[in-house]
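Novice: The sequence shown lines up with residues 471 to 718 when you count with our numbering.
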Amino acid sequence: MTPPNRLPRWLPIALAVAPAGFLALFYAWPVLTLLARGLGVSAIADTLGEAGTWRVLWFTTWQAALSTLLTVAVGLAPAFVIARYRFPGRRLLGGLLTAAFVLPTVVMAAAVHALLPGRWSNGAVAILLAHVLFNLTVVVRTVGATWSRLPTDMEAAAATLGASPGTVARSVTLPLLAPAVLAAAAIVFAFTFTSFGVVRVLGGGRRTTVEVEIWRRATQLGDTATAATLTVLQLAVVVTVVAWTARH
471 MTPPNRLPRW LPIALAVAPA GFLALFYAWP VLTLLARGLG VSAIADTLGE
521 AGTWRVLWFT TWQAALSTLL TVAVGLAPAF VIARYRFPGR RLLGGLLTAA
571 FVLPTVVMAA AVHALLPGRW SNGAVAILLA HVLFNLTVVV RTVGATWSRL
621 PTDMEAAAAT LGASPGTVAR SVTLPLLAPA VLAAAAIVFA FTFTSFGVVR
671 VLGGGRRTTV EVEIWRRATQ LGDTATAATL TVLQLAVVVT VVAWTARH
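#1: To which residues of the same chain is Val544 closer than 7 Å at the C-beta, ignoring the five residues directly before and after it?
#2: How close, in whole Å, do the beta carbons of Ala534 and Thr678 come, if the pair is a contact with beta carbons under 8 Å?
#3: Helix or strand or just coil, what does DSSP make of Arg479?
#4: Under 6 Å Cβ to Cβ from Leu703, same chain only, skipping five residues before and after it: list those, please.
#5: For Gly564, which residues from the same chain have a beta carbon less than 7 Å from its beta carbon, with the 5 sequence-adjacent residues on both sides left out?
#6: Using a Cβ-Cβ cut-off of 6 Å (strictly less than) and excluding sequence neighbours within five positions of Met578, which residues of its own chain qualify?
#7: Does DSSP put Phe557 in a helix, in a strand, or in coil?
#8: Indicate the three-state DSSP secondary structure (helix, strand or coil) for Arg677 in the structure shown.
#9: Applying the 10 Å Cβ sphere with the 16-neighbour rule, what's the burial state of Leu631?
#10: By how many angstroms is the C-alpha of Arg556 removed from the C-alpha of Leu536?
#11: According to DSSP, is Phe659 part of a helix, a strand, or is it coil?
#12: Thinking C-alpha only, which one of Ala580, Trp532, Val501 and Val638 is nearest Glu625?
#13: If you run the structure through DSSP and keep just helix, strand and coil, what is Ser641?
#14: Should the region 494-510 be regarded as contacting the region 667-685, the criterion being three or more beta carbon pairs within less than 8 Å?
#15: Compare the C-alpha of Ser591 against each of Val671, Val658 and Val707 and name the closest.
#16: Excluding five sequence neighbours on each side, which residues of the same chain lie with their C-beta closer than 8 Å to the C-beta of Ser634?
#17: Are Ala627 and Val712 touching if we call contact CB-CB under 8 Å?
#18: Determine the contact status of Gly667 and Val576, defining contact as a CB-CB distance below 8 Å.
#19: Rounded C-beta distance between Arg613 and Ala650? I'm assuming under 8 Å.
In structure tokens:
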């Protein structure tokens with residue numbers, strides 16, 4: 471009986487070295503270099519010492535927070551309808567919401583720019599509208615999936631005991647939906663805080679997020695140290711928000 475052929479012991483190691491080396495050279499090394507530049511004491515002090523940095527950070531934060539609140543507020547109604555009702559065109563509605571999300575951000579921004587009249591086509595209002603339209607499906611799908619699985623007997627029991635629809639929503643439905651709402655809000659905040667294409671097209675040169683400022687510093691000014699510091703700062707904010715949401 472012929473013994474089965476066995477691979478040389480060195481072959482699996484050799485096959486693993488190539489992808490590991492590729493990742494180390496083209497991913498780990500650039501990331502570590504970026505962190506080293508961005509975490510330098512002098513780089514952090516210089517970046518945070520600029521008034522422009524705080525203006526950019528303030529706009530990035532408040533537009534992301536407001537975009538998140540608006541997206542959640544607008545998205546709850548379609549999430550409820552899709553989760554609780556069966557009607558002709560239900561799948562089409564879900565598909566249209568998803569289509570907006572998978573469009574390139576530049577296309578969505580250009581559509582909003584063409585939709586809004588005059589001075590409204592550039593600036594904070596246009597950015598907020600584009601962010602809501604782009605991220606609406608995140609809320610609808612995340613919250614809607616949880617909503618469709620909620621037992622209706624608790625709501626029915628509360629209504630039987632005389633609770634108004636508003637009371638049922640506040641005391642029964644919303645507490646059960648809170649984890650899904652927080653998860654959707656965290657995702658939307660991360661997307662809008664790191665927004666680039668929408669702000670680049672609709673900002674009009676006056677509205678700039680941290681992501682756009684990173685691009686400007688690195689590509690137009692050649693200031694890679696400040697760009698690296700802003701990258702680390704942006705990453706820290708997003709990770710903090712996501713971690714806080716996960717704990718709650």
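The beta carbon of each residue, even a glycine, is placed where N, CA and C say it ideally should be. Just so we're clear, the structure is a prediction, and the values are computed from it rather than from any experiment.
Specialist: So, from the data block:
#1: Val602 and Leu606
#2: Actually they do not touch by this definition, with Cβ atoms about 13 Å apart.
#3: coil
#4: none
#5: Ile552
#6: Ala600 and Phe604
#7: coil
#8: coil
#9: exposed
#10: 32 Å
#11: helix
#12: Val638
#13: helix
#14: no
#15: Val671
#16: none
#17: no
#18: yes
#19: Per the sequence shown, the amino acid found at residue 613 is Val instead of Arg. Right, their Cβ atoms sit about 5 Å apart.
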